[in-house]
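Beneath this line is the structure, given in C-alpha cells, with notes to follow.
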Amino acid sequence: MELGAFLRSRRAALIPEETGVPSCGQRRVPGLRREELAHLAGISVTYYTRLERGESPQVSDSVLDALARVLKLSPDERAYLVRLARPGRIGNRLGEPEQLRPAVQALVEAAGSQAAIIVGRRADLLGGNRLGYALWNLPAPQDTSGESRPNIARITFLDPSARDLFPDWEAQARDLTAYLRHAAAHHPDDQELHALIGELSVRSPDFVRIWSEHPVSDCLPSQREYRHPQVGSMTLNEEVVRLTDDPGVRIIFSGAQEGTPSAERLRLLATLS
Numbered sequence: 018m019e020l021g022a023f024l025r026s027r028r029a030a031l032i033p034e035e036t037g038v039p040s041c042g043q044r045r046v047p048g049l050r051r052e053e054l055a056h057l058a059g060i061s062v063t064y065y066t067r068l069e070r071g072e073s074p075q076v077s078d079s080v081l082d083a084l085a086r087v088l089k090l091s092p093d094e095r096a097y098l099v100r101l102a103r104p105g106r107i108g109n110r111l112g113e114p115e116q117l118r119p120a121v122q123a124l125v126e127a128a129g130s131q132a133a134i135i136v137g138r139r140a141d142l143l144g145g146n147r148l149g150y151a152l153w154n155l156p157a158p159q160d161t162s163g164e165s166r167p168n169i170a171r172i173t174f175l176d177p178s179a180r181d182l183f184p185d186w187e188a189q190a191r192d193l194t195a196y197l198r199h200a201a202a203h204h205p206d207d208q209e210l211h212a213l214i215g216e217l218s219v220r221s222p223d224f225v226r227i228w229s230e231h232p233v234s235d236c237l238p239s240q241r242e243y244r245h246p247q248v249g250s251m252t253l254n255e256e257v258v259r260l261t262d263d264p265g266v267r268i269i270f271s272g273a274q275e276g277t278p279s280a281e282r283l284r285l286l287a288t289l290s
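Using this note's numbering, read the sequence shown as starting at 18 and increasing by one per residue.
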C-alpha cells in the first residue's frame with residue numbers, strides 16, 4: 018500500500034536522537050521503530066501498525082496532524098499524507114489532453130529577459146517563449162499537442178544530454194520525481210500520468226531509485242545551475258506561477274541576477290534563440 022510505504026520511508030529517515038528517543042546502541046534498521054513513533058504521536062502501536070498496513074480507512078485530523086509533526090513533514094508532504102489516508106476520485110477532464118489558453122502563451126511571450134516554460138501536470142511542455150525552449154536546448158516552440166509535446170520528465174531521465182545541461186542532475190531529477198508523486202496523489206484517475214510514471218519506472222533505474230525514496234513536493238521556487246552547450250554555465254533563479262483556473266499547470270520563469278555573468282549569458286542565449 019502506498020500509505021504504508023510512505024510512512025515507512027519517513028519513519029526510516031528520522032534520527033532518533035533528534036526526536037528525543039535515545040539511540041540505545043546500534044539499530045538493525047535506520048530511523049524510529051513503530052512503537053517509538055506511535056508513542057511520540059500519542060496513538061497505540063496497534064493502530065499505527067494498521068495504518069502502515071492500510072487497514073484503517075478512517076483517519077482523524079488529529080492523528081494526521083500528530084503523524085505530520087513527528088515525521089517532520091513539509092506542507093506538501095502533509096497534503097500528500099492526507100491524500101493517501103483519504104483517497105478520493107477526481108474526475109475533471111483527467112483523460113483529456115491539457116489545453117493552453119492563448120492568453121497564457123501571450124503572457125510568457127511577453128516575459129522579455131525571462132525564460133519561461135509552461136508545464137502541465139504530466140510534465141508535458143505545453144508552451145513557453147523562445148528563450149524558455151532555448152534554455153532547455155529544444156527547438157523553437159510549435160503548436161503541438163498530445164504525444165508530440167516535449168515532456169521534461171522524459172528529457173531529464175531518458176535523454177543523456179540532460180546530464181550535461183544540469184550540473185546537479187540529481188537535484189533536477191529529484192525535484193521532478195517529487196512533483197510527479199505529488200501530481201499522482203492529486204490526480205489518481207489520470208491514466209496518462211500513471212502511464213508516464215510506469216514508463217519511467219521501466220526505462221530509468223535512476224527514476225526507480227529516487228521514486229522508492231518517496232520524495233513529494235509541488236513545483237517550488239529555486240536556484241538552478243545550467244551548463245548550456247551554446248553559452249556555458251549559468252545560475253538562474255526560478256519562480257513558479259500557478260493558473261487559478263487550472264492548478265495543474267505551472268509557469269516557470271527563469272532569470273539571472275543583473276550584473277552577473279549569468280545575466281550576460283542569458284541575454285546572449287536570447288539573441289541566439
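Even glycine gets a Cβ: it sits at the ideal position worked out from N, Cα and C.
Candidates 207, 23 and 99: which alpha carbon is nearest residue 265's? The sequence position of residue 265 within the sequence shown is 248, counting from 1. For the residues 207, 23 and 99, the minimum Cα distance to residue 265 belongs to 207.
C-alpha gap between residue 36 and residue 254, whole angstroms: Taking the sequence shown and counting its residues from 1, one reaches residue 36 at position 19. Taking the sequence shown and counting its residues from 1, one reaches residue 254 at position 237. Per the coordinates, the alpha-carbon of residue 36 lies some 34 Å from the alpha-carbon of residue 254.
Could you spell out the range, first to last residue, of the alpha helix (DSSP H) harbouring residue 189? For the purposes of this step, residue 189 is taken as residue 172 along the sequence shown, with counting starting at 1. Where residue 189 is concerned, the enclosing alpha helix (DSSP H) stretches over 186–203.
Okay, do the segment 261–280 and the segment 128–147 touch, 3+ Cβ pairs below 8 Å being the bar? In short, these stretches touch, since the Cβ pair count reaches three.
Complete beta strand (DSSP E) runs within the segment 213–258 (minimum length 3 residues, chain order): Correct list: 239–245.
contact_flag[the segment 269–288, the segment 179–194] where n(CB pairs < 8 Å) is 3 or more: Touching, no, given that fewer than three Cβ pairs across the two stretches are closer than 8 Å.
Beta-carbon proximity list for residue 226, same chain, < 7 Å, skipping 5 on both sides: Indexing the sequence shown from 1 puts residue 226 at position 209. Short of 7 Å from the beta carbon of residue 226, and not among the five residues preceding or following it, lies no beta carbon of its own chain.
In angstroms, rounded to a whole number, what distance separates the CA positions of residue 56 and residue 62? As a first step, residue 56 is located in the sequence shown; it is residue number 39 there, counting from the start. As a first step, residue 62 is located in the sequence shown; it is residue number 45 there, counting from the start. Approximately 8 Å, taken between the alpha carbons.
Between 139, 205 and 178, which has its C-alpha nearest residue 236's C-alpha? Working through the sequence shown from its first residue, we reach residue 236 at position 219. Ranked by Cα distance from residue 236, the first of 139, 205 and 178 is 139.
May I ask you to report which of helix, strand or coil DSSP gives residue 110? Locating residue 110 in the sequence shown gives position 93, where the first residue counts as 1. Any reading at residue 110 must be qualified, since the residue scores a pLDDT of 45, below 50, and its modelled position is unreliable; the value itself is stated next. DSSP places residue 110 outside both helix and strand once states are collapsed to three, so it counts as coil.
Span of the beta strand (DSSP E) holding residue 96? Against the sequence shown, residue 96 aligns to sequence position 79. Counting along the chain, residue 96 falls outside any beta strand (DSSP E), though it belongs to the alpha helix (DSSP H) covering 92–102.
Note down the Cα distance separating residue 106 from residue 286, rounded to an integer number of angstroms. As a first step, residue 106 must be located in the sequence shown, where it is residue number 89. As a first step, residue 286 must be located in the sequence shown, where it is residue number 269. With a pLDDT of 49 at residue 106, under the threshold of 50, the modelled position of this residue cannot be trusted, and the question is left open.
Here's a check: name, in chain order, each residue in its chain whose Cβ is nearer than 7 Å to the Cβ of residue 24, leaving out the five neighbours to either side. Locating residue 24 in the sequence shown gives position 7, counting from the first residue. Around residue 24: 68 and 69.
By how many angstroms is the C-alpha of residue 83 removed from the C-alpha of residue 73? Translated into the one-based positions of the sequence shown, residue 73 becomes position 56. Translated into the one-based positions of the sequence shown, residue 83 becomes position 66. Note on geometry: alpha-carbon atoms of residue 73 and residue 83 lie some 16 Å from one another.
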